[in-house]
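In this note's numbering, the protein residues as written are 30 to 450.
Even for Gly, the Cβ is constructed at its ideal location relative to N, Cα and C.
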Amino acid sequence: MLRIISVFFLIALFSGNIKSQESGKGCTDPAAKNYDITASVNNGSCTYKTTVYNPPFKYLLPEEVQETSGLIYFDKAIWTINDGGNDPILYKLDRETGTVTARITFTNAGNTDWEALAQDEEYVYIGDFGNNRGTRNDLHVLKISKKDITGSGDSNVSSEFIFFSYPDYTGTVDKKKNNNFDCESMICIGDSLYLFSKNRGNNKTKLYRLPKQEGNYKADLIDSFDVRGLITGADYNKTTKEVTLLGYTNKTWLPFLWLLYDYEDNDLFSGNKRRIDMLNIPATQTEGIAYVDGRNCIITSEGRKLFTQTAYDLNTGKWIEDRKYEADTGELLLPEIKATPNPMTGKRLIVHMKDLSKGTCIIKLISEDGSLVTTKKLLVKEEHQSLQTKLKTHKLKPGNYQLQVHTGTRVINLKCTKLDD
């Protein structure tokens, strides 16, 4: 009998530990419908109200880039390409007017179906992987050095090639017009290229990963996500670690965005996924998006019989977090926290907070197993306000704790240690 009781006790203890470890997971975004104040780890479960936004008109693009199908920003300029069947030219545009200021012609490559642009510090990548019928066996990415194209005036360039195939492609597709092996979007993070498929078959997107080095590869299939439409453009914000996907609904041509942020490592679909519908902008094929500074973006759409190729402005801080910059230096202002004494001794921990966002500020103290120890809410009446508050610590057991401050849509973490009194 004693043995049976011991077994039940161990099972209960083990179950309790699992529950305790999982209790810290949930939606950590205060902007979400299902925000969980007790959650310390984002599990990607956040859901949001339907959001409709119409980005402001910026300018009409020249007819020379009527089929603009990819976008990046560097060298204080916008760079774009035309899609399949056009000349193999990378166009440099004036950021303020959209005027073409330079044309970079590729001498060793054609344009079978150019669809995407991406970049890192040294190189530009062009995705020749448009695959409307799902049967291409020559998918590749062109790679050129920024040093070869930076400057003014037209020039020629020779590219390297990154050839690849999809691991889930068997060589045939059931319905060519509704296949799941088209692709028009690519970003660069670290040592890899990430491709987002355009699935007319199921309105999802598949995430693939490729090396950035010249060669011939089988792409890694990382994950998939139901975007409820066709993904046609993407960009990565290296400063804020957010990804923006651009697209439109299948057959009804209504533009939308997906904002991906607060994900773990490079598991891009593991964090928050917020959709922004752009129902009323006069464009059908929105195919290019690029961050230009902070969270400011430019969106471009192709020209058609009823619509002229157009550029629009966008700032994602409207939904994620408004960026704040120091007036004199232009440096980014981020909230700061400090806790004293740390290591914790005595009865109280004083939390000092600087550059908080206006609104409700939530302070949490979380134990090593993810359990919420204590929480407090403060009202921040002005932007950039500094506050301090006290948390009771006299009942805490010795060990490590995580102090979290939720301000705006940002979460700041600080490790704190409790010593024996």
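Item                                                                                                                                                                        : Value
Entirely within the stretch 172 to 227 and at least 3 residues each: give me those beta strand (DSSP E) ranges in chain order.                                              : 184 to 186, 189 to 194, 211 to 218, 221 to 227
Who are Ser-415's beta bridge partners in DSSP?                                                                                                                             : DSSP lists no partner for Ser-415.
Got a sec? Which residues, its chain only, sit under 7 Å from Lys-62 by beta carbon, not counting five neighbours each side?                                                : Thr-76, Tyr-77, Lys-78
Is it a yes or a no for the stretch 134 to 143 touching the stretch 95 to 115, going by three-plus beta-carbon pairs under 8 Å?                                             : yes
Tell me where the beta strand (DSSP E) around Ser-69 begins and ends.                                                                                                       : Segment: none, Ser-69 is in no beta strand (DSSP E) and carries neither H nor E.
Following the continuous beta strand (DSSP E) through Thr-339, name the residue where it begins and the one where it ends.                                                  : 339 to 344
I'd like the list of long-range same chain contacts for Asp-249, defined as Cβ closer than 8 Å, with 5 residues on each side in sequence excluded.                          : Pro-196, Tyr-237, Arg-238, Leu-239
Excluding the 5 residues preceding and the 5 following Ala-147 in the sequence, name in chain order all residues of the same chain whose CB lies nearer than 6 Å to its CB. : Tyr-154, Met-215, Ile-216, Cys-217
When the distance is taken between beta carbons, is Leu-90 closer than 8 Å to Gly-127?                                                                                      : yes
Taking the beta strand (DSSP E) that Leu-236 belongs to, which residues open and close that run?                                                                            : 234 to 240
Output the boundary residues of the beta strand (DSSP E) element that contains Arg-439.                                                                                     : 439 to 447
Taking 8 Å as the threshold (C-beta atoms), are Arg-303 and Asn-266 in contact?                                                                                             : no
If you scan the stretch 87 to 139 from start to end, which runs of the beta strand (DSSP E) of 3 or more residues do you find wholly inside it?                             : 97 to 103, 106 to 111, 118 to 123, 129 to 135
Given His-310, which residues of its chain have a CB within under 7 Å of its CB, disregarding the five upstream and five downstream residues?                               : The sequence given here places Ile at residue 310; His does not occur at that position. These residues qualify, in order along the chain: Asn-83, Pro-84, Pro-284, Tyr-341.
My understanding is that Ile-395 touches Gly-53, with C-beta atoms under 8 Å, so please give their C-beta distance in whole angstroms.                                      : 6 Å
Just tell me which of Asn-301, Ser-188, Asn-208 has its CA closest to the CA of Thr-273.                                                                                    : Asn-301
Output needed for Ala-68: all residues of its chain with C-beta closer than 8 Å, excluding positions within five of it in sequence on either side, in chain order.          : Gly-53, Lys-54, Gly-55, Cys-56, Thr-57
Three-state secondary structure (DSSP) at Lys-334?                                                                                                                          : coil
Per the contact definition of three or more C-beta pairs closer than 8 Å, is the stretch 373 to 380 in contact with the stretch 412 to 427?                                 : yes
Could you spell out where the beta strand (DSSP E) holding Glu-390 opens and where it closes?                                                                               : Note on residue identity: the sequence assigns Cys, not Glu, to residue 390. 388 to 396 is the span of the beta strand (DSSP E), which, as asked, contains Cys-390.
Would you call the CB atoms of Leu-308 and Ile-328 closer than 8 Å?                                                                                                         : no
From what residue to what residue does the beta strand (DSSP E) around Ala-319 run?                                                                                         : 315 to 322
Around the Cβ of Arg-229, are there at least 16 other Cβ atoms within 10 angstroms (buried) or fewer (exposed)?                                                             : buried
How should His-169 be labelled, buried or exposed, when 16 other C-beta atoms within 10 angstroms of its C-beta is the threshold for buried?                                : buried
Would you identify the three-state DSSP class for Lys-376, choosing helix, strand or coil?                                                                                  : coil
For Gly-159, does the count of other Cβ atoms within 10 angstroms reach 16, so buried, or fall short, so exposed?                                                           : buried
How long is the line joining the alpha carbons of Thr-130 and Ile-66, rounded to whole angstroms?                                                                           : 51 Å
DSSP on Lys-347, reduced to helix/strand/coil?                                                                                                                              : helix
Can you give the beta carbon distance from Phe-254 to Thr-234, rounded, assuming they're within the 8 Å contact cut?                                                        : 6 Å
Apply the 10 Å Cβ neighbour rule to Asn-208 and answer buried if 16 or more other Cβ atoms are within range, or exposed otherwise.                                          : buried
Assign Tyr-354 to buried or exposed, taking buried as 16 or more other Cβ atoms, counted over all protein chains shown, within 10 Å of its Cβ.                              : Low per-residue confidence applies at Tyr-354: pLDDT is 42, beneath 50, and the placement is therefore not dependable, though the value from the model is reported in the following sentence. Tyr-354 should be labelled exposed.
What residue range is occupied by the uninterrupted beta strand (DSSP E) comprising Ala-368?                                                                                : 365 to 369
Pull up the CB-CB distance for Glu-144 and Glu-243, whole angstroms please, since I reckon it's below 8 Å.                                                                  : At roughly 20 Å, the Cβ-Cβ gap does not stay under 8 Å, so Glu-144 and Glu-243 are not in contact.
DSSP puts Ile-305 in a beta bridge; with which residues?                                                                                                                    : Leu-286
Anyone know if the C-beta pair for Tyr-520 and Ser-184 falls short of 8 Å?                                                                                                  : The chain is shown only over 30 to 450; residue 520 falls outside these bounds and no answer can be derived.
Distance check for Ala-263 and Lys-270, CA to CA, integer angstroms please.                                                                                                 : 13 Å
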